[in-house]
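Here's the structure we're looking at; comments come further down.
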Amino acid sequence: MNLDFNVQSSRPGGLSWLLLVIGLAAAAWVMQAWQTADAGFSAAQARIASLQAKPAQRPSEKTAKARRVDAAAQNRQRTDDAARGQLALPWTRLLETLQRQQSPGVALLSLDADGHRGDFTLTAFAKNHAAMLDYFEELQRVPGFTQVSLSRHELREVDADTVVYFSLRGLWTQP
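According to this note's numbering, the residues represented by the sequence shown are 64 to 238, in order.
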């Protein structure tokens, strides 16, 4: 395999498609969570209506059942709020910043980021150690990125070519 590290900016790359798929999967997950929460809410309302139609039960049973329904509803609400919060983060800025930092000797393989904690992990490979170090130093100078560190690197043989496989970790701030 002969690796060619030419950057083609005229059409979306593999990372763009991967991130699109991840975004669509996250949106589907949020929709499913919302539907589950809505179904649970409807079931809770129906249960409350049926309990109100029944003759009065002992107060301790009513209180215990109400607490269970409230706890389940609060748990679903927290899950929904967390998913909405992740989707509302400025992911576009992070992705655009990384696209501007493209290096001719480096190919990005994956990005794992948590917007609430503000951390990210990049996995990539480079033609050689010099290209890896240049990219690492370039990311350290990016405004909004802090504590960028090389967490792992190794040489790998790919179709008779040797490449440097590496991971970078860091923090990113939202303007």
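For glycine and all other residues, C-beta sits at the position ideal for the given N, C-alpha and C.
Everything numeric in this text was worked out from a predicted model, so none of it was measured.
Can you tell me whether residue i is buried or exposed, with buried defined as 16 or more other CB within 10 angstroms of its CB?
{"i": "residue 221", "result": "exposed"}
{"i": "residue 190", "result": "buried"}
{"i": "residue 94", "result": "exposed"}
{"i": "residue 170", "result": "buried"}
{"i": "residue 233", "result": "buried"}
{"i": "residue 166", "result": "buried"}
{"i": "residue 194", "result": "buried"}
{"i": "residue 80", "result": "exposed"}
{"i": "residue 84", "result": "exposed"}
{"i": "residue 235", "result": "buried"}
Reducing DSSP to helix, strand and coil, say where residue i ends up.
{"i": "residue 76", "result": "coil"}
{"i": "residue 143", "result": "helix"}
{"i": "residue 224", "result": "strand"}
{"i": "residue 117", "result": "coil"}
Tell me the residue span of the alpha helix (DSSP H) that contains residue i.
{"i": "residue 197", "result": "192–203"}
{"i": "residue 155", "result": "154–163"}
What residues are listed by DSSP as bridge partners for residue i?
{"i": "residue 87", "result": "Per DSSP, none; premise fails for residue 87."}
{"i": "residue 233", "result": "183"}
{"i": "residue 209", "result": "234"}
{"i": "residue 188", "result": "170, 228"}
{"i": "residue 215", "result": "230"}
May I ask which residues mark the beginning and end of the beta strand (DSSP E) holding residue i?
{"i": "residue 177", "result": "169–177"}
{"i": "residue 166", "result": "Where residue 166 is concerned, there is no enclosing beta strand (DSSP E), given that its DSSP letter is neither H nor E."}
Q: Would you check if the segment 99–106 and the segment 132–149 touch, i.e. whether three or more CB-CB distances between them fall below 8 Å?
A: yes
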